[in-house]
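**Q** Numbering-wise (the numbering used here), the sequence shown opens with residue 1463 and increments by one.
Glycine included, every Cβ here is placed at the ideal spot set by N, Cα and C.
Remember, predicted model here, so these are calculated numbers, not experimental data.
What follows is a single structure, and I will ask about it in a moment.
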Amino acid sequence: MLSHQLIHPRINEILGRAGHHARILIADGNYPASTKKGPNAELVCLNLMPGVVTCAQVLQAVLSAVPIDAVNTMMYTRDDPYALDKDPPVWEEYRAVIRAAGLDLKLEPVEKWDFYKAVETPDHVLTIQTADRQRFANLLLSVGVRMD
């Protein structure tokens, strides 16, 4: 019986094999998950219908299951049709999820094209594709070290 919130068997299997510095992408519904991934990454699709499930829901489950050292967000653009002039509202939701998990982690934005490059590394082990419709909702998590 699992004692954490994450009950998806395939995700638990992949996380069980992941070690320190492994990267987990929680992708929004617009992310090109089939083409922007690392050579060792596995894709798990949780996009049931628009808005179900969200990146924040997946973040909550993953934080309950594995230690995380860093949380990178995809920095929003300021000069294209999807531009924003301030942080996406979903980022505050992520901060609340992180606080509720009792963690002292900061969101660390990475420029869009550098974010794609970070995902395409051999350390990327898992993409969890969501149906989140919010712009710039992608998260790249770095697995930490279990201390107990």
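1. Excluding the 5 residues preceding and the 5 following arginine 1557 in the sequence, name in chain order all residues of the same chain whose CB lies nearer than 7 Å to its CB.
2. Does DSSP put serine 1526 in a helix, in a strand, or in coil?
3. Could you tell me whether the Cβ atoms of glycine 1500 and threonine 1583 are closer together than 8 Å?
4. Note down, in chain order, each residue of its chain lying with its Cβ closer than 8 Å to the Cβ of proline 1512, except the 5 sequence neighbours on either side.
5. Taking Cβ to Cβ, would you say isoleucine 1486 is nearer than 8 Å to valine 1524?
6. Straight-line CA distance for aspartate 1576 to methionine 1536?
7. Can you list, in chain order, the residues of its chain whose CB lies under 8 Å from that of serine 1496, leaving out five sequence neighbours each side?
8. Suppose the cutoff is 8 Å on Cβ atoms and the five residues either side in sequence are ignored; what does the same chain contact list for proline 1551 look like?
9. If you draw a straight line from the C-alpha of aspartate 1541 to the C-alpha of aspartate 1547, how long is it?
10. According to DSSP, is glutamine 1591 helix, strand or coil?
11. To the nearest angstrom, report how far apart leucine 1603 and proline 1543 are at their CA atoms.
12. Between the Cα of leucine 1565 and the Cα atoms of Leu1468, Glu1555, Thr1539 and Ile1530, which residue gives the shortest distance?
13. So, at 6 Å on beta carbons, what are the nonlocal neighbours of isoleucine 1473 in its own chain, with the 5 sequence-adjacent residues on each side left out?
14. Could you pull out every residue in the same chain whose Cβ sits closer than 7 Å to the Cβ of histidine 1483, ignoring the five residues on either side in sequence?
15. Of the residues Arg1479, Gln1467, Gly1478 and Lys1498, which one's Cα is nearest the Cα of asparagine 1589?
16. Using C-beta distances below 7 Å, list every residue in its chain close to valine 1607, excluding the 5 sequence neighbours before and after it, in chain order.
**A** Put simply:
1. Beyond the five residues adjoining it in sequence on each side, arginine 1557 comes within less than 7 Å, by CB distance, of Leu1569 in the same chain, given in chain order.
2. Correct three-state label for serine 1526: helix.
3. A contact, by the Cβ cut-off of 8 Å.
4. Excluding positions up to five away in sequence, the list reads Gly1491, Ala1593 and Arg1595.
5. Yes, these two residues count as a Cβ contact at 8 Å.
6. Going from the Cα of aspartate 1576 to the Cα of methionine 1536 covers about 9 Å.
7. So the qualifying residues of the chain are Leu1505.
8. Scanning its chain for C-beta atoms nearer than 8 Å, with the 5 sequence neighbours on each side dropped, one finds around proline 1551 the residues Gln1596, in chain order.
9. Between aspartate 1541 and aspartate 1547, the C-alpha separation is close to 10 Å.
10. Strand, per DSSP.
11. So the alpha carbons of these two residues sit roughly 27 Å apart.
12. It is Ile1530.
13. Same-chain partners within the cutoff: Val1506.
14. Taking histidine 1483 as the centre and dropping the five residues before and after it, the same chain places the C-beta of Asp1585, Ser1604 and Val1605 closer than 7 Å to its C-beta, in chain order.
15. With the sequence shown as reference, residue 1589 is identified as threonine, and asparagine is not the correct amino acid for it. When only C-alpha atoms are compared, the closest one is Lys1498.
16. For valine 1607, where only same-chain residues beyond five positions count, the Cβ hits under 7 Å are His1482 and Pro1529.
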